[in-house]
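The next block holds one structure in the form of C-alpha cells; read it before the comments.
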Ligand code: ADP
Ligand code: ADP
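Residue numbers (this note's numbering): 16 to 243.
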C-alpha cells in the first residue's frame, strides 16, 4: 500500500528533513511513526498526500508512483487518503453531520448516499446521536472523533494521522488509537505520527522511528523481517 524507496527531502531553505528513508507497509497494516519534534514526521506524511515532493527517491501509494503523478491527478489521489490532524480542523459554523459530509459534498455524491455514509461513519466513531450538534459543544475527544469520521467517510484505503491525540488526556488518547486499530482490522492501512512514546508502546503495533530525518528503526516491512 505504501512504499518509500530511499526518499530524501531537502526544503528550499536548505534544511534536509528526510534522509534516504525506505520502508513499506502492507494493506490493513497499522504502524506508528515516532521521533522528536523536528525529526521529519509531518514531512513524511506530506509526501504521501503530495503536499510536498521528495528531492530524491520514490514514494508509491497503492502502487502509484507519486513522482509520475500529474498535478491534475493529485485531487484523485487525495480522495483515497483520509487525513486526521491534531487540531481536527472542524468548522464551527455547521453541524457535526455537515462537517463529516464535506468530503462527499466535494465529489458531488447524491444526498441519499451522503446521509447513509455520514451516519455509517458517525456510527463507527460512536457519535451517531450527536449529528445535529455544533462541534463546538462537544468535548475534545468527541471533536477528534468527528475529525476521524470525516477522514473515513469516503472509505479511503489509507488513513494518515498527525499527532491525533496531541490535545487529549491519556485515557481518551488510548480510545482514539483503538479506533484506528479497528479501521486497520477491516483492511485500512493506518499510519499514525505520535510522540506519545508510552501510548505507542502500549499499543504494540509496528513502530517507525525517525531521528533527525533518518529512519533508525522499523524500516523493514513485516515480510522482509520474516524472510530475512
Ligand atoms: P516533525 O513532524 O517530526 O516535528 P517536520 O517534518 O515538521 O518534523 O519538520 C522536520 C524539519 O523540517 C524541521 O527542522 C522543520 O523545521 C523543517 N521544515 C518543515 N517544513 C519546512 C518548510 N516548509 N520549509 C523549511 N523547513 C521545513
Ligand atoms: P453500509 O454498511 O451502509 O454500506 P458502509 O459499508 O458504506 O455502510 O460504511 C461506510 C463507513 O465505513 C465509512 O463511512 C467509514 O466510516 C467506514 N470505513 C472506512 N473505510 C472502510 C473500509 N475500508 N472498510 C469498511 N469500512 C470502512
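Glycine residues also receive a C-beta, built at the ideal position from the N, C-alpha and C atoms.
Closest residue to residue i among the options (Cα-Cα distance)
{"i": "residue 122", "options": "107, 95 and 61", "result": "95"}
{"i": "residue 91", "options": "105, 99 and 81", "result": "81"}
{"i": "residue 223", "options": "39, 124, 21 and 48", "result": "48"}
{"i": "residue 192", "options": "140, 22 and 74", "result": "140"}
{"i": "residue 188", "options": "206, 169 and 215", "result": "215"}
{"i": "residue 182", "options": "89, 104, 114 and 87", "result": "104"}
{"i": "residue 107", "options": "161, 124, 207 and 57", "result": "161"}
{"i": "residue 209", "options": "124, 28 and 52", "result": "52"}
{"i": "residue 62", "options": "41, 23 and 27", "result": "23"}
{"i": "residue 42", "options": "217, 198 and 89", "result": "198"}
{"i": "residue 69", "options": "195, 118, 85 and 21", "result": "21"}
{"i": "residue 138", "options": "19, 164 and 227", "result": "164"}
{"i": "residue 19", "options": "186, 217 and 60", "result": "60"}
{"i": "residue 147", "options": "133, 156 and 155", "result": "133"}
Paired residues, beta bridge with residue i - DSSP
{"i": "residue 24", "result": "33"}
{"i": "residue 96", "result": "173"}
{"i": "residue 79", "result": "76"}
{"i": "residue 18", "result": "39 and 75"}
{"i": "residue 45", "result": "205"}
CB of residue i within 8 Å of CB of residue j, strictly
{"i": "residue 39", "j": "residue 17", "result": "yes"}
{"i": "residue 150", "j": "residue 97", "result": "no"}
{"i": "residue 71", "j": "residue 220", "result": "no"}
{"i": "residue 190", "j": "residue 101", "result": "no"}
{"i": "residue 99", "j": "residue 179", "result": "yes"}
{"i": "residue 175", "j": "residue 167", "result": "no"}
{"i": "residue 58", "j": "residue 44", "result": "no"}
{"i": "residue 230", "j": "residue 89", "result": "no"}
{"i": "residue 129", "j": "residue 142", "result": "no"}
{"i": "residue 228", "j": "residue 54", "result": "yes"}
{"i": "residue 64", "j": "residue 25", "result": "no"}
{"i": "residue 262", "j": "residue 136", "result": "Nothing about residue 262 can be read from this structure; the chain reaches only from 16 to 243."}
{"i": "residue 50", "j": "residue 226", "result": "yes"}
| query | Listed by chain order, which residues have C-beta atoms less than 5 Å from any heavy atom of ligand 1? | reply | Counting only residues whose CB is nearer than 5 Å to a non-hydrogen atom of ligand 1, the list in chain order is 26, 28, 30, 32, 52, 53, 54, 55, 56, 57 and 58.
| Quick one: complete beta strand (DSSP E) runs, 3+ long, within the segment 88-142? | 96-100
| Going along the chain, which unbroken runs of the beta strand (DSSP E) with 3 or more residues stay wholly within the segment 180-242? | Correct list: 204-208, 221-226 and 229-232.
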